[in-house]
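When you line the sequence shown up against this note's numbering, it's residues 104 to 537, in that order.
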Amino acid sequence: MSAAAKATQIETFADLYHWAHLRTCTTESKFFNDGVYDRFSNEAVLNKELAGVENEVLVLKCFDHRYEDEGVSEKSLDLILTTRRVFRNVLYAVEGRESDGVFAATDGTYKLHFGNWVLVVLGTYRNRYTDKHVYRKNFVPWAYMFVRTEHQYAYEQLFRTVTEYAELFFKVKLNVKYGSLDHAACIVNVYLAVWPDITLLDCYPHVSRKCRQRAGLLVTPDYYKTNVEINIKQMHHTRWPEEFKAVDNSAWITGVYLSEPWSRWYTMSAIPGIIPSQNALESHNGVIKTCGVRVKRAKTGIVLNDSMPCILGMVGAEAAKGSFGHYCEDAHFKKHKTINRKRVVRSIYFNSSQYMDSPNRAAGEEVTNDRVKRYCEAKEGKLHKEDTVLDINLHYLSLHEVEFLGEPDMASSFHLSLQPVITDVIRVLASLRS
Numbered sequence: 104m105s106a107a108a109k110a111t112q113i114e115t116f117a118d119l120y121h122w123a124h125l126r127t128c129t130t131e132s133k134f135f136n137d138g139v140y141d142r143f144s145n146e147a148v149l150n151k152e153l154a155g156v157e158n159e160v161l162v163l164k165c166f167d168h169r170y171e172d173e174g175v176s177e178k179s180l181d182l183i184l185t186t187r188r189v190f191r192n193v194l195y196a197v198e199g200r201e202s203d204g205v206f207a208a209t210d211g212t213y214k215l216h217f218g219n220w221v222l223v224v225l226g227t228y229r230n231r232y233t234d235k236h237v238y239r240k241n242f243v244p245w246a247y248m249f250v251r252t253e254h255q256y257a258y259e260q261l262f263r264t265v266t267e268y269a270e271l272f273f274k275v276k277l278n279v280k281y282g283s284l285d286h287a288a289c290i291v292n293v294y295l296a297v298w299p300d301i302t303l304l305d306c307y308p309h310v311s312r313k314c315r316q317r318a319g320l321l322v323t324p325d326y327y328k329t330n331v332e333i334n335i336k337q338m339h340h341t342r343w344p345e346e347f348k349a350v351d352n353s354a355w356i357t358g359v360y361l362s363e364p365w366s367r368w369y370t371m372s373a374i375p376g377i378i379p380s381q382n383a384l385e386s387h388n389g390v391i392k393t394c395g396v397r398v399k400r401a402k403t404g405i406v407l408n409d410s411m412p413c414i415l416g417m418v419g420a421e422a423a424k425g426s427f428g429h430y431c432e433d434a435h436f437k438k439h440k441t442i443n444r445k446r447v448v449r450s451i452y453f454n455s456s457q458y459m460d461s462p463n464r465a466a467g468e469e470v471t472n473d474r475v476k477r478y479c480e481a482k483e484g485k486l487h488k489e490d491t492v493l494d495i496n497l498h499y500l501s502l503h504e505v506e507f508l509g510e511p512d513m514a515s516s517f518h519l520s521l522q523p524v525i526t527d528v529i530r531v532l533a534s535l536r537s
């Protein structure tokens with residue numbers, strides 16, 4: 104047998120243990136190449152490291168457990184994998200979200216292994232302004248877990264291992280405040296066990312898809328398109344829990360998606376910048392199966408020695424180079440405005456994009472006292488009895504509110520400055536044309 108064949112041959116649990124032992128990284132010295140953690144010098148060194156060093160596959164933990172499969176006791180041997188470049192994403196997320204709280208998402212993907220072993224990933228989201236001039240959420244991984252089956256015990260080992268080594272390597276405490284999931288009870292239990300104060304976010308696209316699949320249960324199938332689908336979108340766009348409950352007109356899903364822990368799939372389930380969706384993570388899983396591996400349904404040795412280095416190298420190339428928060432600050436324009444009124448401004452209300460003035464539609468809706476009053480009442484769960492599903496968008500979901508927090512005199516001196524000033528840009532463009 105050739106040396107290459109031997110290197111990729113993993114046929115038994117003993118082979119798997121041996122493979123993991125050679126790549127185990129459980130000390131600060133190993134992670135920093137015989138060094139110790141220093142926030143700035145380590146960063147400079149890492150940026151100069153050869154790709155093979157920063158993208159070296161590291162095993163944070165190798166563990167086994169037993170589980171029941173159709174009444175038969177089975178054994179699973181699981182690996183938690185990362186690289187020096189990828190694991191720094193934990194540090195950057197904690198640093199950038201110190202005041203708002205860290206967001207985490209997790210899920211598993213299949214089709215990489217011939218025996219249907221699962222590749223689970225844990226990470227977070229990052230907003231980016233793309234070259235197509237749009238904002239996109241990208242999934243940023245922290246670590247992967249190669250596991251025989253998605254089991255609650257395995258997920259708990261993954262969460263606790265990432266938390267433990269973030270503190271050991273980077274001296275930061277990973278306290279996840281918002282956790283995204285795809286309606287999986289085992290993940291809910293682990294989130295709550297590891298981070299008891301977490302806010303759980305159920306994936307809205309998942310909810311929408313499941314509701315669509317149940318449309319056939321309706322006596323009149325067309326009723327789904329004309330009422331239920333519209334109402335589900337309205338519920339997703341609500342801003343407050345009371346408004347979410349008040350807007351609900353689809354009692355047929357009440358027992359599943361309108362009670363804890365599955366009820367947080369409306370837009371403002373968390374804080375601005377965080378949305379209840381697994382789409383970025385599912386997109387990530389799709390990319391690694393399309394571009395990150397050479398072979399699908401591969402043997403264990405191929406997955407660990409070929410597929411995983413390719414995946415970790417690919418995501419490492421896109422890894423963050425510094426701290427990042429829940430929102431993207433690129434390409435924002437702000438207008439000069441000094442507010443100097445006698446009465447202190449507490450909130451400003453303005454139209455959502457659908458109801459603003461635009462060359463592509465008729466004049467926008469006027470922001471009136473009546474619309475603002477209805478908006479405020481909806482936050483408390485109060486809707487007018489005469490309103491139907493078709494009235495909800497305009498009456499309750501057509502405004503945004505900016506509320507000024509802090510001392511009253513702060514609002515009176517509030518101003519925004521525009522950089523660059525739009526008129527200056529126009530002059531520059533005109534001079535270039537001439």
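For glycine and all other residues, C-beta sits at the position ideal for the given N, C-alpha and C.
- The C-beta separation of residue 184 from residue 162 comes to about 6 Å, placing the pair in contact by the 8 Å criterion.
- As the crow flies, the alpha-carbon of residue 121 is around 57 Å from that of residue 505.
- As computed with DSSP, residue 503 is found in a beta bridge with 453.
- For residue 317, DSSP assigns no beta-bridge partner whatsoever.
- Residue 308 carries a helical assignment under DSSP once its states are collapsed to helix, strand and coil.
- By the Cβ test, the region 276-283 is in contact with the region 199-218, since at least three Cβ pairs between them sit closer than 8 Å.
- Where residue 266 is concerned, the enclosing alpha helix (DSSP H) starts and stops at 255-273.
- Going by C-alpha positions, residue 377 is about 19 Å away from residue 422.
- In the three-state DSSP reduction, residue 247 falls in the strand class (E or B).
- The three-state secondary structure of residue 405, taken from DSSP, is helix.
- According to the DSSP assignment, residue 393 belongs to the alpha helix (DSSP H) that extends over 382-393.
- With a contact defined as Cβ atoms closer than 8 Å, residue 399 and residue 215 qualify at about 6 Å.
- Sequence-distant partners of residue 190 (beyond 5 residues in either direction) whose C-beta falls short of 6 Å from its own C-beta are missing from its chain.
- Taking a contact as a CB-CB distance under 8 Å, the pair residue 396 and residue 413 counts as one, their CB atoms being some 6 Å apart.
- Considering only 488, 266, 273, the residue with the shortest C-alpha distance to residue 298 is 266.
- DSSP, reduced to helix, strand and coil, places residue 289 within a helical segment of the structure shown.
- Across the set 246, 474, 430, 217, the C-alpha of 474 shows the shortest separation from the C-alpha of residue 451.
- Nearest neighbour of residue 479 by Cα position, chosen from 362, 366, 246, 498, turns out to be 498.
- Around the beta carbon of residue 159, a 10 Å sphere encloses 16 or more other beta carbons of the protein chains shown; the residue is thus reported as buried.
- The straight-line gap separating the alpha-carbon atoms of residue 270 and residue 129 is approximately 12 Å.
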